[in-house]
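A.B. asks: The structure follows.
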Amino acid sequence: MKDRVCRTVAWGVAVGLAVGWVHLSNGAAAEAAGLTVLPRLDQGEVEIRYKDQRILLYACRAGLFKPYVKELAPLGGPNLLLDAPPDHLHHHGIMYAITVNGHNFWEEAKAPGRQIPAGPPVHSVGMGPAGQPQAVLTQQLYWVPHTNASAPDPKAVALLIEQRTLTLSVDEANQEVALEWRGDFQLGPAATKVVLSGADYHGLGVRFIRAWDRTATHLNSDNLPYPTRGKHDVLQAQWAAVTHQWDGHQATLAVLARPGEMRGPTRFFSMLDGFCYLSATQGLDQAPLTYEAGARFFVRYLVLVYPKIQSHAWLQQRYRAWLNP
Numbered sequence: 051m052k053d054r055v056c057r058t059v060a061w062g063v064a065v066g067l068a069v070g071w072v073h074l075s076n077g078a079a080a081e082a083a084g085l086t087v088l089p090r091l092d093q094g095e096v097e098i099r100y101k102d103q104r105i106l107l108y109a110c111r112a113g114l115f116k117p118y119v120k121e122l123a124p125l126g127g128p129n130l131l132l133d134a135p136p137d138h139l140h141h142h143g144i145m146y147a148i149t150v151n152g153h154n155f156w157e158e159a160k161a162p163g164r165q166i167p168a169g170p171p172v173h174s175v176g177m178g179p180a181g182q183p184q185a186v187l188t189q190q191l192y193w194v195p196h197t198n199a200s201a202p203d204p205k206a207v208a209l210l211i212e213q214r215t216l217t218l219s220v221d222e223a224n225q226e227v228a229l230e231w232r233g234d235f236q237l238g239p240a241a242t243k244v245v246l247s248g249a250d251y252h253g254l255g256v257r258f259i260r261a262w263d264r265t266a267t268h269l270n271s272d273n274l275p276y277p278t279r280g281k282h283d284v285l286q287a288q289w290a291a292v293t294h295q296w297d298g299h300q301a302t303l304a305v306l307a308r309p310g311e312m313r314g315p316t317r318f319f320s321m322l323d324g325f326c327y328l329s330a331t332q333g334l335d336q337a338p339l340t341y342e343a344g345a346r347f348f349v350r351y352l353v354l355v356y357p358k359i360q361s362h363a364w365l366q367q368r369y370r371a372w373l374n375p
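Residue numbers for the sequence shown follow this note's numbering, so the first one is 51 and each next one is one higher.
Put into structure tokens, the structure is as follows:
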């Protein structure tokens, strides 16, 4: 298994993974095959670079409402994500948030819940199963209601405990940057039952840079039409994507889901008029999900970015390959 991970780095704690040879260091950079993980303890960020380009920036400092992916860029292209714009300060690049037992973890204006890190992320870097450079960030988060946000022990007052794993792979031959977002959940000490609900956009949300507003193109796995033409569309599909050509650049960002693995249908919320947005959801606005004490559940999505307009046929083939590696 040592072809999978060659170095592992922990911030502040020594963590061993049963994956062969492991190198431990506090806050040190790690590199494999041109992919470098650069933790910045003073800024509460983790940067991932491929060769001489920053392709991902993860914001995870203490005091945030939620950790999130602040930047994600295709190979040779610019960052595609927008963070905390004046129109929606709670929009943060790529983020995951829902409502839990009536506590809203998405919006941040009125009594918002907080995803409080147990500590900085642990990161590892090496070669993935397909022989491509791969970096993994893992962080434990306590989902705490607003009323207990300042508690000295956030774990004791958590509704949910999440183990978040972000796996970034680079396939240079196909000009692909792939980010798998997985959250493994269990009920926290403060809950004997949780009800997951929210608006029709609560889930894994992506806010795009201003150049994509009103002019980008949405598409989906089933070639379904967008009835409101970008004002507020919700469609059930296996994947959804946004493509755009602007200022000499081209790019595609796609979000893939695995409906058979997660409860609830996979619905994609999309906007274009006003601003460009895409969310992958479990339809919690129509059918909330309930879990009792002892239950474990997860969400899993794959975000793909390319420095070109990728075809529907390619994305469909890529989706099948993800389902059946």
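All C-beta atoms, glycine included, are put in the ideal place defined by N, C-alpha and C.
Exposed or buried, which one is leucine 139 when buried takes at least 16 other CB atoms within 10 Å?
C.D. replies: exposed
A.B. asks: Within the segment 144–169, note down every full beta strand (DSSP E) run reaching 3 residues or more, in order along the chain.
C.D. replies: 144–147 and 164–167
A.B. asks: Can you name, in chain order, every residue of its own chain whose Cβ lies under 6 Å from the Cβ of proline 375, other than the five neighbours on each side?
C.D. replies: none
A.B. asks: Per DSSP, isoleucine 211 is paired with what?
C.D. replies: Bridge partners of isoleucine 211: Tyr192 and Gln236.
A.B. asks: Check this for me: beta carbons of alanine 307 and glutamine 288, under 9 Å apart or not?
C.D. replies: yes
A.B. asks: Residues in the same chain with beta-carbon distance under 7 Å from isoleucine 166, minus the five sequence neighbours each way, listed in chain order, please.
C.D. replies: Leu191, Tyr192, Val194 and Pro204
A.B. asks: I'd like the span of the alpha helix (DSSP H) that includes histidine 362, first residue to last.
C.D. replies: 362–373
A.B. asks: Which first and last residues belong to the beta strand (DSSP E) in which alanine 270 is found?
C.D. replies: It should be noted that the sequence gives asparagine, not alanine, for residue 270. Asparagine 270 -> beta strand (DSSP E) spans 267–270.
A.B. asks: Taking the straight line between their C-alpha atoms, what separation do you get for glycine 181 and threonine 293?
C.D. replies: 28 Å
A.B. asks: Where does the unbroken beta strand (DSSP E) through glutamine 300 begin, and where does it stop?
C.D. replies: 299–307
A.B. asks: Closer than 6 Å by C-beta to leucine 106: which residues in its own chain qualify, once you throw out the five before and the five after it? Chain order, please.
C.D. replies: Ile98, Leu122 and Leu218
A.B. asks: Reducing DSSP to helix, strand and coil, say where lysine 358 ends up.
C.D. replies: If DSSP states are grouped into helix, strand and coil, lysine 358 belongs with coil.
A.B. asks: Figure out for me which residue from Leu322, Gly314, Leu352 and Arg260 has the closest Cα to the Cα of tyrosine 341.
C.D. replies: Gly314
A.B. asks: Using 9 Å as the threshold, is the C-beta distance between alanine 79 and proline 89 below it?
C.D. replies: yes
A.B. asks: Check for me: the beta strand (DSSP E) holding lysine 120 runs from which residue to which?
C.D. replies: That run of the beta strand (DSSP E) goes 118–122.
A.B. asks: Got a sec? Which residues, its chain only, sit under 7 Å from arginine 370 by beta carbon, not counting five neighbours each side?
C.D. replies: none
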